[in-house]
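In UniProt numbering, the protein residues as written are 1 to 403.
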């Protein structure tokens, strides 16, 4: 990099060492545009060789550089949580980082020691039965009131399915449930097992629509209490059995099995156990639909060897499969993949609606005892995931399985 570069709004020699180091990092930009504002008030603008996202980052301290050097992308995310840098459009920063991953990848890697610590922390969150209860409580027992302030009225915390882009979120969530009901041909004589029943959205919709029986499993005390009350108030409790139970302890035979975005919490070491249990619980002619978030196959090997932002801050013990990894694991348990339906861009839309609702209701959420760091962590989480679906790094798939 020369002392004077046409990408900069002022001569580089006037910059501090901290500013120069960040400029060298940003100068590798190949797509889009990035503006950096430093604590001194000085600015630097970088133009890529091709068009792409336009983003701005304002640094409030010099700490982000140290965190980036030690912790890579996870360190930079931590720096955002601590309020050390700001941006008017977090999604644009995510998109720009992804667009320039080829040039920035090495610089965004954590130091070997920091990466080792992150992996060790992640491994401590393995999903034994006790570990699963602890991991689920960490995320889902933040309180029903918390989730109720920003989820839609169905209290659904998984991707919606938008038949129309302008459809209301609650209607799009019900459309997702209806697709599952129709794909499995659920009727009044069916006994459906839902592994990970959440706050009861699917159970209520399935019972109302078909008159079937639903047994729902959850490890969250908050969810179990809410769902039981919900179904009782709806006059549907005689068709439902909501259990605070690990899927590994479930016994019985069910004509259909449904699991909506619970597989991500199973842990790779338990995938075979999970699929073996699904097979053992299904009747001989039974079928299952498993809705799961997947990661692109070309990123799976790197992802499974490291601990990312979500695993560190949001879902301890979480692990996404690639589509081939999921299908291979199911087939090893003698389950056939009959159909798969992908709708990742619908998840991007869902996440952006959640983020909007979360931010609009922040004052009420804050009154529950959550602080500014929590706000920044959840805003980052929702935008981070939205960017993943927007760029195709993530997808969401409904797999229909049969014995």
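Using N, Cα and C, we set each Cβ at its ideal position, and we do this for glycine too.
Tell me the DSSP secondary structure of residue i in three-state form.
i           : result
residue 298 : helix
residue 151 : coil
residue 285 : strand
residue 365 : helix
residue 398 : strand
residue 388 : helix
residue 213 : strand
residue 86  : strand
residue 374 : helix
residue 46  : strand
residue 186 : coil
residue 403 : coil
What span of residues does the beta strand (DSSP E) with residue i cover, start to end?
i           : result
residue 342 : 336-342
residue 58  : 50-59
residue 32  : 31-37
Ends of the alpha helix (DSSP H) at residue i?
i           : result
residue 191 : Here residue 191 belongs to no alpha helix (DSSP H); instead the beta strand (DSSP E) covers 191-195.
residue 68  : 63-81
residue 176 : 169-183
residue 20  : 17-26
residue 323 : 323-332
residue 166 : Segment: none, residue 166 is in no alpha helix (DSSP H) and carries neither H nor E.
residue 198 : Note, residue 198: premise wrong, no alpha helix (DSSP H); not H, not E.
residue 103 : 101-104
Which whole-angstrom value describes the C-beta separation of residue i and residue j, a residue pair presumed to lie in contact below a C-beta threshold of 8 Å?
i           : j           : result
residue 376 : residue 335 : About 41 Å separates the two Cβ atoms, so there is no contact after all.
residue 159 : residue 343 : 7 Å
residue 154 : residue 201 : 5 Å
residue 239 : residue 195 : The pair is not a contact, with the Cβ atoms about 18 Å apart (cut-off 8 Å).
residue 46  : residue 29  : 5 Å
residue 256 : residue 310 : No, residue 256 and residue 310 are not in contact; Cβ-Cβ is about 30 Å, not under 8 Å.
residue 258 : residue 192 : 6 Å
residue 401 : residue 265 : No, residue 401 and residue 265 are not in contact; Cβ-Cβ is about 18 Å, not under 8 Å.
residue 396 : residue 291 : 7 Å
residue 31  : residue 50  : 5 Å
residue 250 : residue 282 : Not really, about 12 Å apart at Cβ, beyond 8 Å.
residue 380 : residue 90  : 7 Å
residue 242 : residue 216 : 5 Å
residue 368 : residue 145 : 6 Å
residue 341 : residue 398 : 4 Å
residue 351 : residue 296 : That belief does not hold up - the Cβ atoms of residue 351 and residue 296 are roughly 17 Å apart, past 8 Å.
residue 248 : residue 273 : 6 Å
residue 212 : residue 188 : 6 Å
Please classify residue i as buried or exposed, where buried requires at least 16 neighbouring CB atoms within 10 angstroms.
i           : result
residue 363 : exposed
residue 328 : exposed
residue 190 : buried
residue 285 : exposed
residue 233 : exposed
residue 366 : exposed
residue 404 : Past the boundaries of the shown model lies residue 404; the chain is included only from 1 to 403, so the question cannot be answered.
residue 88  : exposed
residue 169 : buried
residue 163 : exposed
residue 360 : exposed
residue 302 : exposed
residue 388 : buried
residue 308 : buried
residue 390 : buried
residue 317 : buried
residue 356 : exposed
residue 321 : buried
residue 53  : buried
residue 17  : exposed
residue 339 : exposed
residue 298 : exposed
At a Cβ threshold of 8 Å, is residue i touching chain C?
i           : result
residue 295 : No chain C is part of this structure, which consists of one protein chain only.
Cβ of residue i versus every heavy atom of the ligand HEM: is any distance shorter than 7 Å?
i           : result
residue 211 : As for the ligand HEM, it is missing from this structure, which has no ligand bound.
(message) Just to confirm the assignment: which complete beta strand (DSSP E) runs, minimum length 3, are found wholly within the region 215-275?
(response) 240-244, 254-260
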